[in-house]
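Undergrad:
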Amino acid sequence: MSACNAIASPVLDPKGPIAAAQTQLLLDAVAIMMIVIVPVFIMAALFTWRYRGTNRNARYAPNLAYYWPVEILIWGVPAGIIFWLGLHLWSATHRLDPYKPIDPEVPPLRVEAVAQDWKWLFIYPEQDIAVVNELVFPAGRPLALRITSDTVMNSFMIPGLGGQIYAMAGMQTRLHLLADEPGEFWGRNVQYSGRGFADQQFRAIATTTEGEFGAWVEKVKASTQMLDATTYEQLAKPSVKVPVTYYSGVQPGLFDSIIAKWHGDGNHLHAQVTGTEQAR
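In terms of numbering that gives the first Met the number 0, the sequence shown opens at residue 0 and continues consecutively.
#1: If Gln171 sits next to Arg145, beta carbons under 8 Å apart, how far is it from one beta carbon to the other, in whole angstroms?
#2: Note the first and the last residue of the continuous alpha helix (DSSP H) segment covering Ala221.
#3: Assuming Ala112 and Phe121 form a contact by the criterion Cβ under 8 Å, report the distance between their Cβ atoms to the nearest whole angstrom.
#4: Using a Cβ-Cβ cut-off of 8 Å (strictly less than) and excluding sequence neighbours within five positions of His93, which residues of its own chain qualify?
#5: Under a three-way DSSP split, which group does Pro68 fall into?
#6: What does the alpha-carbon distance come out to for the pair Phe212 and Gln126?
#7: When the distance is taken between beta carbons, is Pro124 closer than 9 Å to Arg140?
#8: How many angstroms separate the CA atom of Ala19 from the CA atom of Val10?
#9: If distances are taken between C-alpha atoms only, which option among Glu180, Leu226 and Gly248 comes closest to Ala138?
#10: Spell out the partners DSSP gives Ala205 in its beta bridges.
#11: Determine the direct distance from the alpha carbon of Val35 to that of Met156, and round the result to whole angstroms.
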């Protein structure tokens with residue numbers, strides 16, 4: 000992924016409602032803090048000029064111990080800012096809860112994301128496909144992600160669409176995103192995870208229409224590769240700069256098995272998936 004892709008979706012150029020709300024929250028916080036920062040720089044310049052060595056008329060009060068207007072100013076303003084920021088951030092945190100669906104009336108596209116060394120696996124359970132290092136979804140349709148890690152702690156982030164959320168082995172987190180317009184976005188792991196960390200990136204593509212997304216699904220289904228337990232075990236081995244790879248089918252329950260194996264012995268994944276195969 001080139002540097003141009005990274006620049007195309009910075010935090011300050013949001014392409015979805017979640018990222019836009021987070022950007023506005025950041026700008027609001029910076030603006031309110033300017034109430035303290037701007038006067039400090041102005042007073043630094045004024046005091047330097049007023050108390051310069053050649054100014055013999057400047058009032059000097061070395062024994063001043065208490066002056067209540069100044070006390071109110073230096074304590075009241077910062078306290079007010081902290082109170083406002085705390086209230087504003089508390090409200091925004093609940094409003095932007097990553098587990099909260101963006102629009103309950105619109106069925107989301109469900110995707111299961113697995114962090115590996117050093118790549119991302121995306122499983123589409125409803126479409127019965129899986130893709131490495133490429134996340135495709137229709138613009139204007141909510142994206143509901145279940146996220147876990149099959150290695151050390153990672154952090155999933157698409158800066159142009161929303162904030163980061165951690166992925167940990169044996170656990171799952173959820174994230175809801177939405178792209179307002181079609182385009183290609185840059186996504187990556189933002190939690191250091193070893194030697195391949197710098198290259199653990201992926202493309203997030205918002206298609207123009209549902210039909211375009213459907214055509215992409217058919218393209219993936221044309222692949223001859225299936226993602227079963229054996230294939231997954233090979234894929235999960237540490238590797239760097241893995242190209243986009245398509246799987247036309249996925250073993251049922253694979254995502255849940257990846258989580259469950261961290262709560263049991265190392266054979267849990269293979270045993271559970273093999274049991275599913277026999278049941279079929």
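The C-beta atom is built at its ideal place from N, Cα and C for all residues, glycine as well.
TA: The structure says:
#1: Right, the Cβ-Cβ distance comes to about 5 Å (below 8 Å), so this counts as a contact.
#2: Annotation for Ala221: no alpha helix (DSSP H) segment contains it, and DSSP assigns it neither H nor E.
#3: Rounded, the Cβ-Cβ distance is 6 Å, consistent with contact.
#4: Excluding sequence neighbours, His93 sits near nothing in its chain.
#5: For Pro68, the three-state secondary structure derived from DSSP is helix.
#6: In a straight line, the C-alpha of Phe212 is about 11 Å away from that of Gln126.
#7: No, these two residues do not count as a Cβ contact at 9 Å.
#8: Taking the straight line from one Cα to the other gives about 9 Å.
#9: Of the listed residues, the one whose Cα sits closest to Ala138 is Glu180.
#10: Looking at the DSSP output, Ala205 bridges to Phe136 and Gly182.
#11: The alpha-carbon atoms of Met156 and Val35 are separated by roughly 32 Å.
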